[in-house]
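Have a look at the structure below before the remarks.
Chains as they are written, first to last, in the numbering used here: chain S, 1076 to 1517; chain P, 45 to 475.
This is how it looks when you write it as structure tokens:
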């Protein structure tokens, strides 16, 4: 049997805990256990893969059998895979205060209930709060002799409030996720904030669609950094020809005010002490002052494409590593929020995010704000709802003409290729000229 | 395949579970899947997976606890975790898990006995995909093929044992020409029903046709949503609003509309558990499934319930529990969208093949704004000029009050069976 050119194993095991509270009662709470590994081999051409359930306790002989099986699948591959050199290594994992694993399920239930109950004010017809915790040990080894192991606990809560009046219903949400320990202490105000905003949305008017100036808040501009810039800079999409940023390294692709960074070393929700290929992660400046500076890569796309850094491979437990973002954000500029709103003159302020999606090959993005305000003569006017933003990635990057000095980060999850990984994105307030704003108001 | 005796473990779980709780239920799923992934026009990776999971649910004094594990040696820890979770869950009226009983129909087979999970099977599908794509001058960006066989067993302390098997085959291809992209996919249960060549050809056509696409002025237009676009918007917003859990929790548009004619009188939405890829004779809790006429001729006819929601609110389970690896929740089996079938392409329309951002719609109100993909003017049944970019805005519930017709032939998108749907006077924002 032919020997693999290379192999690695990434094993993830741990406990997941969830609590769901709905309209004042705990709907469910409990823990589950997972233990799964992905073994990859590099055959004559490409990758052969075996997903192994319940990997703990597998012997050397078992692993040799898995390698043989993976090699059989590698034999049908055609793509010549070359791995680029990238330094292997593990970053320090920050110590956590209030480790969620040390806090009883009963206490977590009480904390979540307190957040949920604070949202049940007059006018609120439905509330739902959830807590999710994943406490994992990640083990990595490869045929080059590298071997690493690290623990990580990601946890967080979310609270949804729905307001209702005369058949009109509006929803608002607050959430926070972290790697720094249990974050539900003294957070009752978050439930109240969601509830009060849902009530305000009952009186908001539908946004009027069209092309206009727009101020994006830190959360929505962060979604733009992630969806429109980050995905288009992923080395696998560039390699496969489905990114509008292909071949643009060194080109001025945006206004000089715009700089975008992906930094997996930040101790935020997207922190990676080690990437899914055993590479030591590093900060990557994707756009510097409007010029495309780097792509983000795994070892394979680094070897093929160049112009960037490996260390951006990520994977769920038992899943294939993909080139993914970690903590992605627009760097601070020097404008104040008041200056940006004044410079907008007439347009909209878009706040919060209900998510977004991008077609990086076509260079088109779409995402929804949670709500917003009309801007008239440089000042905020009435509240609007159900307002969205779409556009061409390249055109939009030239149209971001002012960046604020108030960078803020938000946590979430990013879906790609059927896998979901924790990420952070963020931005200061930005001014976007000639934005394509969607809404059904007239 | 698994190296343990799952039947023996299930028996042990039920025996021990009955000592610590009123009732216990075990769902065991196992399967093998193989896949190959295209990187450009070449297979870059291929692999295999054997998987299994035990999902344990206990009910004790009306309190429900769940836990899962893929480690067969940890079932006792899993059972303890289910018990621990139940202590914190709110108690409710509980009238028991279902025992053996008559069922309501005979479901279509979803298991292909002839399917052999071998790497040559999926590499053959890949070759067919690429041959189909060669019909047009485009580049292949990626895609893949997969095949799987899985089995499930549901057992509970009321004496129910329900088991079965299913097979799945899926193919997909993504193409690009300049900055025009095209994507097509298909998923079936039987090998003789998959046609990778046509999937590849359609993916290539979509990218090729969109090359040189023109602009559209902001305004109102007659629009046809393809089955893909319609399923994203309608399936993603209307179906959750018919879940009994959302209705009773006060977060459904339909909550106070049972029995009301509030959608187009030609519109029917039915969950048929006996015909389609999602066929089941019992649901994920063992309750016999039945046909649900959720919306009938525009009238909100019934909501879907699982056992927990039904017992809590004094309703009856509709056999609508589904499971995606953990505890059961309300879902559907095979969702059929029906309307007045006619030739909806007689007059000029904007045909929208796909949308991006449907998941960002307001699920409570039904308001949405999405970007269209591969949209084109269509006249006399033929695609004419492609449209480069357009944002579509509206309210799904308002749109469904006035459907201008649905296509004669629906398309099977997994377990959603959806026609193309015509709407007149939708708001479109051009660039």
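Think of the CB as a built atom: it goes at the ideal place given N, C-alpha and C, for glycine as much as any other residue.
Source: prediction; values computed, not measured.
Pairwise C-alpha distance: residue j and residue i
i: residue 50 of chain P; j: residue 178 of chain P; result: 47 Å
i: residue 1384 of chain S; j: residue 153 of chain P; result: 50 Å
i: residue 1349 of chain S; j: residue 305 of chain P; result: 57 Å
i: residue 271 of chain P; j: residue 1431 of chain S; result: 22 Å
i: residue 370 of chain P; j: residue 1433 of chain S; result: 30 Å
i: residue 1417 of chain S; j: residue 1408 of chain S; result: 16 Å
i: residue 1310 of chain S; j: residue 1370 of chain S; result: 6 Å
i: residue 478 of chain P; j: residue 1103 of chain S; result: The structure shown does not extend to residue 478 of chain P, since chain P is modelled only from 45 to 475, so the question has no answer here.
i: residue 1130 of chain S; j: residue 82 of chain P; result: 28 Å
i: residue 128 of chain P; j: residue 114 of chain P; result: 19 Å
i: residue 1207 of chain S; j: residue 1110 of chain S; result: 18 Å
i: residue 351 of chain P; j: residue 361 of chain P; result: 5 Å
i: residue 1147 of chain S; j: residue 173 of chain P; result: 22 Å
i: residue 55 of chain P; j: residue 126 of chain P; result: 17 Å
i: residue 93 of chain P; j: residue 1303 of chain S; result: 33 Å
i: residue 45 of chain P; j: residue 1169 of chain S; result: Any reading at residue 45 of chain P must be qualified, since the residue scores a pLDDT of 49, below 50, and its modelled position is unreliable; the value itself is stated next. If you take the alpha carbons of residue 45 of chain P and residue 1169 of chain S, they lie about 39 Å apart.
i: residue 1465 of chain S; j: residue 1299 of chain S; result: 10 Å
i: residue 323 of chain P; j: residue 233 of chain P; result: 11 Å
i: residue 1308 of chain S; j: residue 1436 of chain S; result: 11 Å
i: residue 1243 of chain S; j: residue 1485 of chain S; result: 29 Å
i: residue 348 of chain P; j: residue 1353 of chain S; result: 47 Å
i: residue 1487 of chain S; j: residue 1342 of chain S; result: 14 Å
Those residues which DSSP pairs with residue i across a bridge
i: residue 1472 of chain S; result: The partner list for residue 1472 of chain S (beta bridge, DSSP) is empty, contrary to what the question assumes.
i: residue 200 of chain P; result: P:69
i: residue 422 of chain P; result: P:393, P:427
i: residue 400 of chain P; result: P:415
i: residue 234 of chain P; result: Bridge partners of residue 234 of chain P: none, in fact.
i: residue 1451 of chain S; result: S:1454
i: residue 378 of chain P; result: Looking at the DSSP assignment, residue 378 of chain P forms no beta bridge with any residue, so it has no partner.
i: residue 314 of chain P; result: P:337, P:380
Endpoints, beta strand (DSSP E) assigned at residue i
i: residue 1243 of chain S; result: 1243 to 1253
i: residue 1442 of chain S; result: 1439 to 1443
Cutoff 9 Å: residue i Cβ touching any chain P Cβ
i: residue 1204 of chain S; result: no
i: residue 1518 of chain S; result: There is simply no residue 1518 of chain S to check, as chain S begins at 1076 and stops at 1517 in what is shown.
i: residue 1228 of chain S; result: no
i: residue 1232 of chain S; result: no
i: residue 1281 of chain S; result: yes
i: residue 1124 of chain S; result: yes
i: residue 1346 of chain S; result: no
i: residue 1259 of chain S; result: no
i: residue 1432 of chain S; result: yes
i: residue 1319 of chain S; result: yes
i: residue 1324 of chain S; result: no
i: residue 1374 of chain S; result: no
i: residue 1313 of chain S; result: no
i: residue 1240 of chain S; result: no
The alpha helix (DSSP H) enclosing residue i, as first and last residue numbers
i: residue 1497 of chain S; result: It is not in any alpha helix (DSSP H) - residue 1497 of chain S instead sits in the beta strand (DSSP E) that spans 1494 to 1502.
i: residue 253 of chain P; result: 240 to 253
i: residue 281 of chain P; result: 280 to 285
i: residue 271 of chain P; result: 271 to 274
i: residue 213 of chain P; result: Counting along the chain, residue 213 of chain P falls outside any alpha helix (DSSP H), though it belongs to the beta strand (DSSP E) covering 205 to 221.
i: residue 1024 of chain S; result: Past the boundaries of the shown model lies residue 1024 of chain S; chain S is included only from 1076 to 1517, so the question cannot be answered.
i: residue 356 of chain P; result: 351 to 357
Any C-beta of chain S under 9 Å from that of residue i
i: residue 441 of chain P; result: no
i: residue 412 of chain P; result: yes
i: residue 218 of chain P; result: yes
i: residue 89 of chain P; result: yes
i: residue 51 of chain P; result: no
Residue i: CB within 8 Å of a non-hydrogen atom of the ligand GDP
i: residue 1424 of chain S; result: For the structure depicted, the ligand GDP is absent and the ligand set is empty, with no information on it obtainable.
Under 7 Å by beta carbon: chain C residues contacting residue i
i: residue 1486 of chain S; result: Given the protein chain composition of this structure (S and P), no chain C is represented.
Quiz prompt | Contact set between the segment 1214 to 1225 of chain S and chain P, restricted to residues whose Cβ is under 8 Å from the partner | solution = With the criterion set as a beta carbon lying under 8 Å from some beta carbon of chain P, the segment 1214 to 1225 of chain S has no members that meet it.
Practice problem: Check each residue of the segment 1287 to 1311 of chain S: if its Cβ is closer than 7 Å to any Cβ of chain P, include it; give the result in chain order. | Solution: Residues are counted here when their Cβ sits less than 7 Å from a Cβ of chain P; for the segment 1287 to 1311 of chain S the count is zero.
Exercise. Compile a chain-ordered list of the residues in the segment 1140 to 1164 of chain S whose CB is closer than 9 Å to at least one CB of chain P.
Key: Within the segment 1140 to 1164 of chain S, the qualifying residues are 1144, 1145, 1147, 1148, 1149, 1150, 1151, 1152, 1153, 1154, 1155, 1156.
Practice problem: Select from the segment 1389 to 1409 of chain S all residues with a C-beta closer than 7 Å to any C-beta belonging to chain P, and list them in chain order. | Solution: Listed in sequence order: 1395.
Quiz item: Going along the chain, which residues of the segment 1173 to 1191 of chain S sit with their C-beta nearer than 8 Å to a C-beta in chain P?
Solution: Going along the segment 1173 to 1191 of chain S in chain order, one finds 1180, 1181, 1184 with a Cβ nearer than 8 Å to chain P.
Quiz item: In the segment 256 to 276 of chain P, which residues sit with their C-beta less than 8 Å from some C-beta in chain S, listed in chain order?
Solution: Within the segment 256 to 276 of chain P, the residues whose Cβ lies closer than 8 Å to some Cβ of chain S are 262, listed in chain order.
Quiz item: Got a sec: which bits of the segment 294 to 313 of chain P sit with their beta carbon under 7 Å from any beta carbon on chain S, in order along the chain?
Solution: Close to chain S, meaning a Cβ-Cβ distance shorter than 7 Å, are the following residues of the segment 294 to 313 of chain P: 294, 295.
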